[in-house]
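Trainee:
In the UniProt record's numbering, the protein residues as written are 1 to 120.
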């Protein structure tokens with residue numbers, strides 16, 4: 001890329017400088033060679049989630065060039081190589097949860113010792 005700058009700005013009412021101030025062109029067109037995509041090592045497993053799952057990932061270290069084996073556009077797989085894994089991490093602990101009590105039902109007797117119920 002090359003650039004240039006204004007030497008003098010046009011006065012109001014004069015012809016403005018309508019010129020290109022920067023240019024660029026392609027360079028270094030030599031091939032980078034044939035390089036396969038390189039996938040890094042697996043990271044550590046995450047902690048166990050409340051759903052009993054753990055995750056780990058690995059990253060693309062180098063994209064392919066030339067006729068090298070390419071990295072897939074799929075974010076989780078490159079050919080037969082996975083970029084993310086999931087595994088179970090033990091029994092899933094599910095605590096009991098109950099709803100709130102409903103309002104008391106009407107008494108089943110108007111006198112003499114009736115009964116009311118409520119539910120949840």
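Think of the CB as a built atom: it goes at the ideal place given N, C-alpha and C, for glycine as much as any other residue. Owing to the predicted nature of the structure, the values given are computational and were not obtained by experimental measurement.
With distances taken Cα to Cα, identify the nearest neighbour of residue 95 among 20, 45, 38 and 51.
Mentor: When each option's Cα is compared against that of residue 95, the closest is 51.
Trainee: Pick out the complete beta strand (DSSP E) segments inside the stretch 78-117, 3 residues or longer, and give them in chain order.
Mentor: 84-88, all fully within the stretch 78-117.
Trainee: What does the Cβ neighbour count give for residue 71, buried or exposed, with the cut at 16 atoms within 10 Å?
Mentor: Result: buried.
Trainee: List in chain order: all unbroken beta strand (DSSP E) runs of 3+ residues lying wholly within the stretch 17-83.
Mentor: With a minimum length of 3 residues, the continuous beta strand (DSSP E) runs that stay inside the stretch 17-83 are 53-57 and 60-62.
Trainee: Do the stretch 24-41 and the stretch 57-72 touch if we need at least three Cβ pairs shorter than 8 angstroms?
Mentor: These segments touch.
Trainee: Starting from the Cα of residue 44, find the closest Cα among 112, 22, 64 and 85 and give me that residue.
Mentor: Among 112, 22, 64 and 85, the Cα nearest to that of residue 44 belongs to 85.
Trainee: Taking the alpha carbon of residue 18 as the point to measure from, which residue in 65, 24 and 10 has its own alpha carbon closest?
Mentor: That would be 10, whose Cα lies nearest to the Cα of residue 18.
Trainee: Going by DSSP in three states, residue 120 sits in which element: helix, strand or coil?
Mentor: Residue 120: coil per DSSP, three-state reduction.
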